[in-house]
Structure formats: C-alpha cells, structure tokens
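UniProt numbering puts the first residue of the sequence shown at 1, with every later residue one more than the last.
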Amino acid sequence: MADYNFQEIEKKWQAYWEKNQVFNAQVDHQKPKFYSLDMFPYPSGAGLHVGHPLGYIASDIVTRYKRLRGYNVLHPMGYDSFGLPAEQYAIQTGQHPAITTEQNIQRYTEQLKNIGFAFDWAKEVRTSDPSYYKWTQWIFMQLFNSYYDKSENKAKSISSLVEKFIVSGNAGIDAVCDEDTPSFTAADWNGFSEKQQQEILLKYRLTFLAETTVNWCPALGTVLSNDEVKDGFSERGGHPVERKKMMQWSMRITAYAERLLEGLETVDWSEPIKEMQRNWIGKSIGAEMVFQVKGKDLQIKVFTTRIDTIYGVTYLALAPEHYYVQELITEDQRATAEAYVEVAKNRSERDRMSDVKTISGAFTGSYAINPFNGEEIQIWVADYVLAGYGTGAVMAVPAHDERDYNFAKHFGLEIRQVIEGSMENGSFPGKGGTIINSGFISNMEMKDAMNKAIAFLEEKKIGKGKIQYRMRDAIFTRQRYWGEPLPVYFKDGLPYLMDEKDLPLVLPEVDKYLPTEDGEPPLGRAKDWVYKTEDGEFPLEKSTMPGWAGSSWYFFRYMDPQNDRMMVDPEKEKYWGSVDLYIGGAEHATGHLLYSRFWTKFLYDIGMVSLEEPFQKMINQGMIQGRSNFVYRQKGTNTFVSHGLRDQYDTSAMHVDVNIVHNDQLNLEKFKAWRPDLADAEFILEEGKYICGAEVEKMSKSKYNVVNPDDIIERYGADTLRMYEMFLGPLEQFKPWNTNGIDGVSKFLKKLWKLYHDQQGNLAVSEEKATKEELKALHKAIKKTEEDLENHSFNTSVASFMICVNELTALKCNKREILEPLVIIISPYAPHIAEELWSLLGHQESIIYAQFPKFNEAFLVEDSHEYPVSINGKMRAKVSLSLSLSVAEVEQAALADPAVIKWTEGNPPKKVIVVPGKIVNIVI
Numbered sequence: 001m002a003d004y005n006f007q008e009i010e011k012k013w014q015a016y017w018e019k020n021q022v023f024n025a026q027v028d029h030q031k032p033k034f035y036s037l038d039m040f041p042y043p044s045g046a047g048l049h050v051g052h053p054l055g056y057i058a059s060d061i062v063t064r065y066k067r068l069r070g071y072n073v074l075h076p077m078g079y080d081s082f083g084l085p086a087e088q089y090a091i092q093t094g095q096h097p098a099i100t101t102e103q104n105i106q107r108y109t110e111q112l113k114n115i116g117f118a119f120d121w122a123k124e125v126r127t128s129d130p131s132y133y134k135w136t137q138w139i140f141m142q143l144f145n146s147y148y149d150k151s152e153n154k155a156k157s158i159s160s161l162v163e164k165f166i167v168s169g170n171a172g173i174d175a176v177c178d179e180d181t182p183s184f185t186a187a188d189w190n191g192f193s194e195k196q197q198q199e200i201l202l203k204y205r206l207t208f209l210a211e212t213t214v215n216w217c218p219a220l221g222t223v224l225s226n227d228e229v230k231d232g233f234s235e236r237g238g239h240p241v242e243r244k245k246m247m248q249w250s251m252r253i254t255a256y257a258e259r260l261l262e263g264l265e266t267v268d269w270s271e272p273i274k275e276m277q278r279n280w281i282g283k284s285i286g287a288e289m290v291f292q293v294k295g296k297d298l299q300i301k302v303f304t305t306r307i308d309t310i311y312g313v314t315y316l317a318l319a320p321e322h323y324y325v326q327e328l329i330t331e332d333q334r335a336t337a338e339a340y341v342e343v344a345k346n347r348s349e350r351d352r353m354s355d356v357k358t359i360s361g362a363f364t365g366s367y368a369i370n371p372f373n374g375e376e377i378q379i380w381v382a383d384y385v386l387a388g389y390g391t392g393a394v395m396a397v398p399a400h401d402e403r404d405y406n407f408a409k410h411f412g413l414e415i416r417q418v419i420e421g422s423m424e425n426g427s428f429p430g431k432g433g434t435i436i437n438s439g440f441i442s443n444m445e446m447k448d449a450m451n452k453a454i455a456f457l458e459e460k461k462i463g464k465g466k467i468q469y470r471m472r473d474a475i476f477t478r479q480r481y482w483g484e485p486l487p488v489y490f491k492d493g494l495p496y497l498m499d500e501k502d503l504p505l506v507l508p509e510v511d512k513y514l515p516t517e518d519g520e521p522p523l524g525r526a527k528d529w530v531y532k533t534e535d536g537e538f539p540l541e542k543s544t545m546p547g548w549a550g551s552s553w554y555f556f557r558y559m560d561p562q563n564d565r566m567m568v569d570p571e572k573e574k575y576w577g578s579v580d581l582y583i584g585g586a587e588h589a590t591g592h593l594l595y596s597r598f599w600t601k602f603l604y605d606i607g608m609v610s611l612e613e614p615f616q617k618m619i620n621q622g623m624i625q626g627r628s629n630f631v632y633r634q635k636g637t638n639t640f641v642s643h644g645l646r647d648q649y650d651t652s653a654m655h656v657d658v659n660i661v662h663n664d665q666l667n668l669e670k671f672k673a674w675r676p677d678l679a680d681a682e683f684i685l686e687e688g689k690y691i692c693g694a695e696v697e698k699m700s701k702s703k704y705n706v707v708n709p710d711d712i713i714e715r716y717g718a719d720t721l722r723m724y725e726m727f728l729g730p731l732e733q734f735k736p737w738n739t740n741g742i743d744g745v746s747k748f749l750k751k752l753w754k755l756y757h758d759q760q761g762n763l764a765v766s767e768e769k770a771t772k773e774e775l776k777a778l779h780k781a782i783k784k785t786e787e788d789l790e791n792h793s794f795n796t797s798v799a800s801f802m803i804c805v806n807e808l809t810a811l812k813c814n815k816r817e818i819l820e821p822l823v824i825i826i827s828p829y830a831p832h833i834a835e836e837l838w839s840l841l842g843h844q845e846s847i848i849y850a851q852f853p854k855f856n857e858a859f860l861v862e863d864s865h866e867y868p869v870s871i872n873g874k875m876r877a878k879v880s881l882s883l884s885l886s887v888a889e890v891e892q893a894a895l896a897d898p899a900v901i902k903w904t905e906g907n908p909p910k911k912v913i914v915v916p917g918k919i920v921n922i923v924i
C-alpha cells in the first residue's frame with residue numbers, strides 16, 4: 001500500500017484554502033454567527049515553540065466544528081506588535097523596530113499557516129500599523145473628551161459638563177473626579193481663565209495627566225508596570241527600579257469599578273479568573289476619617305472597614321511614599337526613618353504585598369490624636385501599607401488584623417482586644433493583649449456599631465461612610481519609542497487634543513531609541529515633533545501608549561479591519577457581537593482582560609458598540625511544559641556516563657538539546673557537533689547506547705528543551721501535531737511535552753488512511769449497506785465527539801477516534817456510509833488528511849462545507865445479550881439471545897444449549913430463574 005504522504009497533502013490543502021479564501025468571513029444573516037478568538041501573540045524573534053499553538057489548535061477545532069454545524073464563523077488572527085523587546089533589540093543593534101517586527105510577523109505567519117489553522121487572514125490586524133493605531137488614538141481622544149456621570153452611571157461628553165458649569169458651577173454635579181477638586185459657582189467658572197478651566201476639566205476627564213508614583217527604570221529609560229518589576233529589579237534585563245513621582249497620563253478605570261464587578265456575573269469564565277478580578281478591584285465597604293497630628297496643622301486621612309474597632313487602635317501606619325512622611329519625621333528620628341524610607345519606597349507594591357515574612361518600618365517621632373477618646377498614638381512608616389490603596393495610611397488595630405499584629409509584635413507596640421458588642425466575633429483569634437471595653441459602641445451587632453460610629457464621624461465632620469476599591473487608575477504612558485504616539489500637544493503647559501482629521505499621528509524617525517541626554521523619552525530626539533495650529537506650533541507629547549492600549553479593542557477591529565472611516569461599522573459590530581469563545585492565558589486576568597472590559601464599557605456608553613462585555617465564554621489553556629534531557633559528565637573529564645551507570649561514577653548533570661535525543665537515546669555524533677568543547681567527548685554506554693535522564697520543566701531556551709513545531713511537522717505532519725497536543729490531556733491543565741509519545745498519533749493517522757485504501761494504495765470504498773456493528777462503532781464516535789466539542793473536552797475525542805478506527809479495521813469496514821461521516825467528525829482535528837480523503841471520495845468542495853453527521857441513538861441500542869448461565873451456583877456457559885425473547889423463551893433456549901446440556905447431564909432442573917437482560921440461574 002502507498003504510504004500516507006502527509007507533506008505533499010498538507011501543502012496542497014494549505015494552498016487550496018489560501019487561494020480560495022475558504023475561511024474568509026462575511027456578514028450572513030441567514031446563518032447564526034460564531035466568533036472564535038485567540039489572544040493574539042506578540043511576535044518575538046524566537047518564533048513559536050510547541051507550547052504556543054495549544055490554545056490556537058483548540059479554538060481552531062471548535063471553529064471547524066461550528067462551521068460543520070451551519071454557523072457563520074469569524075476566526076481571525078493578528079499581532080500585538082508594539083512592545084519593549086523590539087525596542088531593546090533596536091537599542092542594541094540600531095535596527096528600526098518596524099523591520100524586526102515585520103520579520104518576526106512573517107516568521108509567525110509562516111508557522112501558523114503550516115499548522116493549518118482556519119484563520120481569516122484577510123482580517124489580520126497589527127497594533128503597530130498606523131491604519132490600526134489611528135483608531136487607538138481616536139479612542140484615547142474620546143476618553144479625554146468624556147467624564148463619568150455617577151447619577152446616570154455612564155460616561156458622558158465633557159462638553160455637557162462644561163454647559164452645566166456655565167449655568168450652575170459644579171454644585172450638585174455627581175461625577176467621578178479628583179478628591180481635591182474645588183467647589184465653584186457659575187460666576188467663578190465664567191471668570192476662570194482658559195488655563196484654569198482646563199486644569200479643572202483635567203480633574204474630571206476619563207484620561208488625564210497627573211503626578212503619579214511610578215516604577216522608574218533608569219537603565220531602560222521607562223516606567224514599568226508592577227507586573228514588570230520583581231524584588232526591585234526589572235524582569236527584562238534585571239535592571240534596578242526606583243519609585244519616583246512623574247507626570248503621567250492615566251485612565252480613570254476606577255469610575256467603572258462597580259460595573260466591572262457586576263459584569264463578571266454575566267460571563268461564562270472560570271471562577272478563579274473572576275475571583276482574581278474581584279480581588280484586584282477589591283471592593284470594601286467602610287468609613288473614611290481623619291486623625292489630627294499632635295502639634296501640627298496636619299490631618300491624616302485613613303480608610304477602614306472596621307471603624308467599630310476604633311478603641312483598639314494603638315498606632316497609625318503610613319506608606320513610605322505618603323505625602324506627609326517628611327513633615328512627620330522629627331529630628332531625633334530623622335536618620336533612622338529617612339534611611340528606612342529610602343529603601344522601602346523603591347520596593348514595588350507587588351513585592352510588598354506578597355512579602356509577608358519581612359517586617360520593616362520606622363517610627364516618625366510624631367503622634368496622632370484618636371478623635372473617639374482623645375488618646376495620643378504613635379505614627380509609623382511601614383512598607384506593608386501601600387500608597388495606592390485607600391489613603392496610604394491605616395489605623396492599626398493589632399488584635400483584629402494579622403499584618404498589624406505582626407508589625408506590633410515585631411516592634412513591641414501595644415495590642416488591645418475590643419470585646420464588647422460584636423468585637424469578640426471580629427477579633428484576630430488568640431492574639432491576647434489588653435482587653436478593653438469599647439464603651440461607645442458596646443452591645444451592638446457589627447452593622448449597627450459601624451453605622452453609629454459613622455454617624456459620629458459625620459456629626460463631628462471628621463469622616464464619612466465610604467465604598468473603597470483597591471484598584472487604582474491605570475497609568476497609560478511609557479517613556480518608550482515603540483508604542484502608539486498620543487494625539488496630544490501642549491499649550492501653556494496644558495494638554496490639548498489634535499484635530500481628528502490629522503490622525504494618525506505617526507511615529508517619527510529618531511537617531512537613537514534611547515532617552516535624550518536631558519532625560520526626555522526617545523521621541524524627544526525627533527525633529528519638528530510639534531503640532532501646527534492657527535495659533536502657532538506646539539510641542540507634542542513625547543511619551544507613548546502602553547502595551548495594553550492596542551489590545552484593549554482589537555476584537556472589534558477584526559470585524560471591519562479595512563474601514564478608514566470609523567473603528568468598526570455598527571452593522572458589522574451588531575452582527576458579530578461579543579466573542580463567543582476566547583482562549584488565552586490566565587496571566588492576563590488583571591491586565592488585558594480587565595482593560596478590555598473597561599474600554600468596551602466606555603465604547604458602549606458613547607454608542608460606538610452594542611455590548612458591555614467583550615468575551616462571553618473564555619477558556620484559559622494550561623501550559624505545555626518541556627521535557628528536559630540530561631547527560632552526566634564525569635567530573636574533571638570530558639567523559640559522559642549513561643543514565644543507568646551514573647551512580648558508579650562521580651558525575652554532574654548537564655542539560656542537553658532535546659532535538660538530538662530520541663526516545664531518551666542520545667545521538668552521539670550530533671552531541672559532539674553541538675558545541676565545540678564537546679568535539680572530543682567520550683562516552684560510557686549501557687548496552688551500546690547512551691541513555692539520557694529526563695525531567696519535566698518549563699520550556700525555555702536555557703534548558704535546551706524547546707521543541708520547534710516546524711521540526712515536528714516536517715517529521716510527522718501538522719495533523720499529527722494538532723491531534724497530539726489535544727491528546728496530551730485536558731486543555732486547561734499543565735502537561736509535559738514528550739516527543740516519544742507522538743508516534744502513537746502518527747500511527748493512528750496512517751491506520752485511518754489505510755481504512756480507505758486497498759493493499760495497492762488505491763481508494764477502495766464500497767457502496768454496500770453498513771452492518772449494525774459498523775454503524776454502532778461510527779455512532780459511538782459521533783456521540784462522543786459532539787459531546788466533547790460542546791464541552792471543550794478535546795483529549796477524549798482523540799481517544800474515541802482511535803477506538804472507532806480500530807473497531808472498523810477489525811470489521812474490515814470500507815463502506816461509504818461509514819467512512820464519509822467518519823472523516824467529517826475527524827476533520828476539525830486533522831483537517832489536511834480529512835480534506836484529501838473527502839476529495840478522494842468524490843467531493844468537489846472543501847469538507848468545511850459538509851454537515852456534521854447526526855447521531856442516531858437507535859444504532860447504540862443492543863438487540864441481543866450474552867447471558868451467563870449459572871448451574872448450581874457456578875457459571876458454566878454463555879448463551880447469546882435476542883432481548884426480544886420472553887422469560888419462557890430465554891429459559892427454553894438456555895436449557896437447549898449444548899454446553900448447558902453437558903453440565904446438567906440431561907437431568908430436568910428443579911428451578912430456573914431468568915433475570916431478563918442479565919443472567920440465567922439453573923438449580924439441578
């Protein structure tokens with residue numbers, strides 16, 4: 001029989017799909033729609049390894065299945081192509097980031113096409129393309145021109161706010177704004193200069209410019225997000241990071257905090273991802289109050305969810321970045337406190353939140369007054385307090401909070417348990433300390449105690465009830481080159497928007513991709529980086545947008561990527577709607593996924609889109625881990641000992657390139673050619689072979705365990721790769737890659753091919769009617785595949801295909817009635833071989849236009865049963881009988897069976913008990 005030539009077949013059908021634009025999606029109101037989306041990749045220079053396509057394969061299988069079920073499917077792909085890696089490479093080599101990005105995209109595209117994905121490449125988008133980021137800039141402009149109206153719970157035009165200011169000032173306006181926004185009358189507003197008015201509006205705009213504490217990395221010349229900093233160093237390059245205040249653009253995502261929480265109840269996401277977002281948003285219901293500083297005209301504002309424990313407060317703790325810290329440090333404490341603050345403020349908030357073991361802080365020397373009892377309490381600086389959460393200061397009640405308790409124990413501060421009323425239930429268990437009577441709020445339920453305490457605060461005008469969110473407004477600028485320019489110019493030091501007709505504002509050429517000599521971002525190197533208006537020339541913003549800007553709305557652009565009049569045509573957006581299946585990594589839970597939801601809600605508010613939640617169903621794929629191989633060098637030599645003999649020698653393990661290892665056996669010649677220092681390597685073998693050790697680790701270049709999908713495809717074919725990745729285990733789980741196991745899937749596809757051919761390699765398909773056994777084998781597979789695909793359980797479908805093909809092979813089945821539906825149900829997983837077999841079966845169109853076969857329960861209903869026959873308590877025979885027989889008929893047939901006659905020796909039975917469909921018991 002001619003072999004299955006996967007290389008020839010796969011290239012043939014990939015060319016066919018591209019030439020005929022088979023996967024090009026258009027609006028079709030005659031069909032239900034299905035929008036399948038993968039988180040689009042950043043195109044790195046390394047290309048794809050076998051772990052990257054896991055989620056893409058899963059979504060592709062669902063995509064192809066939905067087409068077979070009659071859906072009109074949108075399944076696009078693009079590139080998140082702005083980013084720091086390309087810029088760092090440009091800094092090192094001088095090559096423009098656009099050049100390396102284009103090269104990397106071509107590499108990725110080639111690899112993705114080789115795997116046979118059903119992507120609509122006509123809808124490809126790239127965030128670094130000016131025709132794309134024109135609309136990212138446009139969305140920024142809409143945010144700048146909007147504010148959040150709390151009374152209507154939506155974003156509205158800033159111009160409508162100005163109209164209110166003109167008539168009545170800001171009295172009675174319920175809007176999200178900066179806390180230091182002053183009150184003013186209509187007369188005040190109308191008397192303000194243009195500069196004063198613009199300064200006021202910045203306090204309301206949904207994107208605004210303000211001084212913010214950021215993670216500044218001098219070596220990279222840019223601000224980094226908390227996720228990009230670990231232990232005070234940048235994750236990329238390991239450079240020192242310091243905390244400093246800078247003027248930055250921010251997005252007022254906090255205005256949407258409640259809606260972001262509510263929206264989680266409407267989407268089909270995993271509970272862990274939802275919980276990560278809930279914790280990140282961090283809704284707390286409590287009170288805000290002020291503590292007067294003794295001897296100073298300062299008041300420290302704190303937020304607490306337990307105002308009912310006010311009598312247990314023994315100190316105040318401030319974040320190292322708190323704006324009052326320097327004023328609070330007294331001379332006798334200055335050396336110690338300032339040294340501590342200098343170190344603490346440069347630790348990222350992520351590190352400080354996760355570090356529960358290290359306890360550090362310093363006494364400022366100042367005291368605050370507890371307004372409930374007039375008691376003086378110490379004011380400390382502590383790095384467990386975060387400047388960005390609440391007010392950057394906490395009232396510490398050590399007996400009722402674990403971190404307060406650990407801090408108090410470490411520094412020998414007083415601990416008091418408040419036990420009256422509800423306090424005994426709210427205390428931190430087993431912490432001891434002084435037991436006090438709360439007095440003011442005793443003998444009450446916690447809710448009543450909270451309300452009474454808040455009433456006291458409001459009566460004394462020292463506080464109020466408040467809902468607080470942990471989430472901060474999102475910093476929106478980076479001091480980089482390779483990002484979207486902001487469409488903003490500056491007049492009198494204040495930001496103004498460019499005219500929309502001048503979009504896109506395209507990245508300028510620069511001589512270097514480094515900050516200027518005086519510390520400005522790289523765009524400061526551009527010539528004539530100015531905006532010309534009728535009033536003159538004005539400097540443009542020199543920072544660029546962060547990486548998450550372009551990825552926060554790309555799912556809308558896929559619907560209408562060539563539109564140069566608007567970000568998306570409303571009719572196309574209404575048709576395609578929300579993403580029905582979104583597959584991507586869980587690591588984006590508090591970044592991309594949160595920002596995308598925020599931007600979608602904003603675009604909904606201004607009438608640009610018809611939905612509030614972009615991703616209806618989401619699956620987070622697990623990671624494919626690498627299977628590392630090791631060789632064992634005898635210490636002090638260039639001799640390598642095989643795995644089974646290593647304990648007999650003094651050896652040390654060394655990672656080896658997995659691509660020169662097969663089934664854990666090392667290719668000795670390739671090993672010696674791998675590195676110059678190994679050219680004269682010698683080996684101690686076991687049974688003539690060098691066997692390597694193995695271990696499951698994260699796939700990375702440093703461990704030499706990266707497997708290139710191109711190599712797998714060349715050796716086994718794309719269909720084998722696709723099916724094997726699904727066969728490894730449930731999509732959401734972490735699982736090790738093991739090339740050794742891929743042979744089984746490869747053999748299965750060859751067996752499938754053989755089912756359709758005779759020994760001479762010719763198509764041999766019969767038009768005969770299928771038998772019951774053949775129909776049963778097929779319909780078991782149809783049922784299982786349909787159930788699995790609806791539940792996204794891909795690995796078990798592969799197993800069902802193998803069982804089905806084995807059963808049909810044993811039955812020597814070659815019936816069209818069986819083989820045609822079989823190839824359809826396998827086609828989402830192995831599309832190339834399916835297309836070829838479908839074509840050989842005489843079909844002119846792609847298999848993508850076929851219909852998924854209907855499952856028929858009748859073919860699985862058993863019409864006979866093999867009865868075990870028990871004689872005097874021992875099973876002596878088996879009799880296969882129709883399930884339609886009566887009890888009397890079963891008894892008669894069992895007694896007439898030769899094997900039963902042998903054991904009864906012809907004697908009449910004393911009793912016969914028949915359990916229909918189960919067993920026959922005979923007593924002699």
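Ideal placement from N, C-alpha and C gives every residue a C-beta, glycine not left out. On a predicted model such as this, the values are computed, not experimentally measured, just so you know.
Item	Value
Candidates GLU571, ILE253 and ILE803: closest to ARG205 by CA position	ILE253
Coil, strand or helix - ASP657 by DSSP	coil
GLN7, enclosing alpha helix (DSSP H) - first and last residue	6-19
Which of helix, strand or coil DSSP assigns to GLY741	helix
MET251 vs TRP216 beta-carbon contact at 8 Å	no
Buried versus exposed, by CB contacts within 10 Å (16 or more), TYR554	buried
ARG597 versus GLU612: straight-line alpha-carbon distance, rounded	7 Å
From GLU235, GLU163, ILE415 and PHE794, residue whose alpha carbon lies closest to that of GLY312	ILE415
Straight-line Cα distance separating GLY483 from VAL530	18 Å
Alpha helix (DSSP H) segments (min. 4 residues) lying fully within the segment 347-386	349-354
Enclosing alpha helix (DSSP H) for TRP599 [first to last residue]	592-605
Rounded C-alpha distance that separates residue 1003 from ILE307	In this structure the chain extends from 1 to 924, so residue 1003 is not present and cannot be described.
Selected residue, minimal CA-CA separation from LYS617, among PHE602, THR637, GLY584 and GLY591	GLY584
Of the listed residues ARG675, ILE848 and SER652, nearest to CYS692 (C-alpha basis)	SER652
Distance between MET77 and TYR690 (C-alpha atoms, nearest Å)	44 Å
When GLU258, SER543 and ALA474 are compared against PRO508, the one with the closest alpha-carbon	SER543
Host beta strand (DSSP E) of HIS865 (start-end)	864-871
Alpha-carbon spacing of GLU321 relative to VAL341, whole angstroms	8 Å
ILE802, enclosing beta strand (DSSP E) - first and last residue	It should be pointed out that residue 802 corresponds to Met in this sequence rather than to Ile. Note, MET802: premise wrong, no beta strand (DSSP E); alpha helix (DSSP H) at 794-810.
Ranges of the alpha helix (DSSP H) found wholly within the segment 165-221, counting only runs of at least 4	186-191 and 194-202
CB contact flag (CYS804, ALA781, <8 Å)	yes
Nearest to TYR256 (by Cα), restricted to the options ARG470, ASP38 and TYR384	ARG470
Endpoints, the beta strand (DSSP E) within which ASN921 is located	919-923
Simplified DSSP assignment, three categories, for MET251	strand
Selection from ALA679, PRO898, ILE825 and PHE407 that minimises the alpha carbon distance to VAL62	ILE825
Environment of GLY172 [buried if 16+ CB atoms lie within 10 Å]	exposed
Residue range of the unbroken beta strand (DSSP E) whose run includes ILE684	682-684
Close-in-space but distant-in-sequence residues of the same chain around GLY622 (CB under 6 Å, 5 per side omitted)	GLU732, GLN733 and PHE734
Per-residue burial, ILE115 [other beta carbons within 10 Å of its own, 16 or more giving buried]	buried
Where VAL488 sits in the DSSP three-state scheme	strand
Presumed contact (8 Å Cβ cut-off) between ASP3 and SER551, rounded CB distance	ASP3 to SER551, Cβ: 44 Å. No contact.
Inter-residue spacing [alpha-carbon to alpha-carbon] between LYS274 and LYS283	14 Å
For LYS783, the first and last residue of its enclosing alpha helix (DSSP H)	772-791
Bridge partner(s) assigned by DSSP for residue 926	Limits of the chain in this structure are 1 at one end and 924 at the other, which puts residue 926 out of reach.
Beta strand (DSSP E) runs contained entirely in the UniProt domain "Aminoacyl-tRNA synthetase class Ia" (693-724), provided each spans 3 or more residues	693-697
Touching by the beta-carbon criterion (3+ pairs, under 8 Å), the segment 563-573 and the segment 498-516	no
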